[in-house]
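Read the structure below first, then the notes.
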Amino acid sequence: MKDIAEDVSEIILNLKQVRTKLNSEESQVIRIEKTGPCQVTAGDIQSSAGVVEIMNPEQVICTLTGERDFYAELTVEWGKGYMPAEHQNKEKLSIGQIPIDAIFTPVKSIRYVVSQARVGQRTDYDKLTMEIETDGSVRPESALAFAAKILKEQMTIFINFDEQEAEPEIADEEEHDYQPLNPYLDKPVEDLELS
4 MKDIAEDVSE IILNLKQVRT KLNSEESQVI RIEKTGPCQV TAGDIQSSAG VVEIMNPEQV
64 ICTLTGERDF YAELTVEWGK GYMPAEHQNK EKLSIGQIPI DAIFTPVKSI RYVVSQARVG
124 QRTDYDKLTM EIETDGSVRP ESALAFAAKI LKEQMTIFIN FDEQEAEPEI ADEEEHDYQP
184 LNPYLDKPVE DLELS
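Heads up: the sequence shown begins at 4 in our numbering, then just goes up one per residue.
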């Protein structure tokens, strides 16, 4: 394209890096309108009254090198996980619209470390330390709580206990044939006279 440093595929790749937070249940259309020469960033995106927040306004979309107008409309909607452009509803698209891959997950990375912990004199405890990095559209604590909720719901199919635990059955002592303990097991090693 004339007077734009990037080609269409580079602009699409840059748009895929823009992270948004949608404060509405319905999809929203946001716009970019700029006149060059200038650099177009995610901070130039216009939305209606805080319905869509841009989490990384410094993300570069393209560079206008001459006296050129740049106009784009973007649709922001709710989703889960990742949706490739090929799976998006093509009937909704009009001429001139380009579907792009949608990345809905707000979690960028998770790191965990299990280390030993000490409580009083006991040192046989484990300590779990988690480091969760998000794009800012959700707090790490909320992401962890939501993941734990999903895990709990998914694992309930494996839990087949009644609400009250049954008392363990105690066998009669007469049923067992106990062997007497070896008296050497109670002696200190020094007294065993091992050579």
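All C-beta atoms in this analysis are idealised placements derived from N, C-alpha and C, irrespective of residue type, glycine included.
Thr68 and Ala8 closer than 8 Å at C-beta: On the sequence shown, position 65 is the one that residue 68 refers to. On the sequence shown, position 5 is the one that residue 8 refers to. Against a cut-off of 8 Å, the Cβ pair of Ala8 and Thr68 comes out as a contact.
Exercise for the section: Drop a sphere of 10 angstroms on the beta-carbon of Gly16, count the other beta-carbons inside from all chains shown, and report buried for 16 or more, exposed for fewer. Expected result: Taking the first residue of the sequence shown as 1, we reach residue 16 at position 13. In the sequence as presented, Gly is not what sits at residue 16; that position holds Leu. Counting Cβ neighbours within 10 Å, Leu16 comes out exposed, since fewer than 16 surround it.
ask   = Considering only residues of the same chain and omitting the five flanking positions on each side of Lys111, which have a CB-CB separation below 7 Å?
value = In the sequence shown, the residue the question calls residue 111 occupies position 108. For Lys111, the CB contacts under 7 Å within the same chain, skipping 5 residues up- and downstream, are Glu136, Thr137 and Asp138 in chain order.
Checklist entry - Arg48: which of Tyr115, Gly99 and Met58 sits nearest, CA to CA? => result As a first step, residue 48 is located in the sequence shown; it is residue number 45 there, counting from the start. Residue identity check: residue 48 is Ile in the sequence provided, not Arg. Minimum Cα distance to Ile48 is reached at Met58.
Point to revise | Opening and closing residue of the beta strand (DSSP E) in which Lys95 lies | key: Indexing the sequence shown from 1 puts residue 95 at position 92. Taken as a continuous stretch (DSSP letters only), Lys95 belongs to no beta strand (DSSP E), as it is neither H nor E.
Helix, strand or coil: how does DSSP classify Asp72 here? Reading the sequence shown from its first residue, position 69 is the one you call residue 72. For Asp72, the secondary structure class from DSSP, reduced to helix, strand or coil, is strand.
Looking only at its own chain, which residues have a Cβ that is under 7 Å from the Cβ of Gln42, when we skip the five neighbours before and after it? Here residue 42 refers to the residue found at position 39 when the sequence shown is read from its first residue. Closer than 7 Å at the Cβ level, and outside the excluded window around Gln42, lie Val63 and Thr66.
When the Cα atoms are used, what is the spatial distance from Glu144 to Tyr85? Here residue 144 refers to the residue found at position 141 when the sequence shown is read from its first residue. Here residue 85 refers to the residue found at position 82 when the sequence shown is read from its first residue. Distance between Glu144 and Tyr85, taken at the CA atoms: about 22 Å.
(Q) Looking at the strands, I want to know which residues DSSP matches up with Gln20. (A) As a position in the sequence shown, residue 20 is number 17, starting the count at 1. DSSP lists no partner for Gln20.
Practice task
Starting from the C-beta of Phe107, find all residues in its chain whose C-beta is less than 8 Å away, skip the five residues before and the five after it, and write them out in chain order.
Solution key: On the sequence shown, residue 107 is found 104 positions in, with the first residue counted as 1. Trp81, Gly82, Lys83, Gly84, Tyr85 and Met86, listed in sequence order.
When the Cα atoms are used, what is the spatial distance from Gly53 to Glu36? Walking along the sequence shown from the start, residue 53 turns up at place 50. Walking along the sequence shown from the start, residue 36 turns up at place 33. Cα to Cα, Gly53 sits roughly 18 Å from Glu36.
Would you tell me roughly how many angstroms separate the C-alpha atoms of Gln100 and Arg22, rounded to the nearest one?
Locating residue 100 in the sequence shown gives position 97, counting from the first residue. Locating residue 22 in the sequence shown gives position 19, counting from the first residue. Near 20 Å, if we compare the C-alpha coordinates of Arg22 and Gln100.
* Do Ile56 and Lys24 have their CB atoms nearer than 8 Å? -> Position 53 of the sequence shown holds residue 56. Position 21 of the sequence shown holds residue 24. Sequence check: residue 56 is Glu here, not Ile. For Glu56 and Lys24, yes; Cβs fall inside 8 Å.
query = Going along the chain, which residues of its own chain have a beta-carbon closer than 6 Å to the beta-carbon of Glu76, five neighbours each way excluded?
reply = Locating residue 76 in the sequence shown gives position 73, counting from the first residue. Answer for Glu76: Val32 and Arg34, listed in chain order.
- Query: What alpha helix (DSSP H) runs, 4 residues minimum, are completely inside the stretch 76–163?
  - Reply: 143–158
Notebook entry, point to check: Per DSSP, Lys190 forms a beta bridge with which residues?
Noted result: Taking the sequence shown and counting its residues from 1, the one referred to as residue 190 is at position 187. Its beta-bridge partners do not exist; DSSP assigns none.
Check your understanding: Going by DSSP, which residues form a beta bridge with Leu195?
Key -> To locate residue 195, count along the sequence shown from 1; it is residue 192. Among the bridge pairs identified by DSSP, Leu195 is matched with none.
| Option in Glu134, Ala105, Ala146 and Asp129 with minimal Cα separation from Arg114 | For the purposes of this step, residue 114 is taken as the residue at position 111 of the sequence shown. Selected option, being the one with the closest Cα: Glu134.
Q: Give a yes or no on whether the C-beta atoms belonging to Pro102 and Ser140 are separated by under 8 Å.
A: Numbered from 1 along the sequence shown, position 99 holds the residue referred to as residue 102. Numbered from 1 along the sequence shown, position 137 holds the residue referred to as residue 140. It is not a contact, given that the beta carbons lie outside the stated cut-off.
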